[in-house]
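Asker: Numbering (full-length UniProt numbering), first residue to last: 1 to 68. Below you will find the structure I want to go over with you.
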């Protein structure tokens, strides 16, 4: 795994934990180290195949998604 991929993975893990804790998207993005919410959204789409909103809807309805 490249350093960039590792950093993206760590940021995404932080974002997932914060979303599950009920934090607002803008706060989640900032706290996870993203430049802005649109950059976080792009990582969610690329790495998980869904937006943060879709992730939350899925997360509420199903067992936890494992994030690498």
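A virtual CB, placed ideally from N, CA and C, is assigned to each residue, including glycine.
Apply the 10 Å Cβ neighbour rule to residue 10 and answer buried if 16 or more other Cβ atoms are within range, or exposed otherwise.
Answerer: Result: exposed.
Asker: Starting from residue 40, follow the alpha helix (DSSP H) in both directions and report where the run begins and ends.
Answerer: That run of the alpha helix (DSSP H) goes 37–43.
Asker: Do the CB positions of residue 32 and residue 14 come within less than 9 Å of each other?
Answerer: Yes, Cβ-Cβ distance for residue 32 and residue 14 is below 9 Å.
Asker: Return helix, strand or coil for residue 30, following the three-state DSSP convention.
Answerer: Correct three-state label for residue 30: helix.
Asker: Note the first and the last residue of the continuous alpha helix (DSSP H) segment covering residue 12.
Answerer: Element bounds for residue 12: 3–20.
Asker: By DSSP, does residue 74 sit in helix, in strand, or in coil?
Answerer: Any question about residue 74 goes unanswered here, given that the chain covers just 1 to 68.
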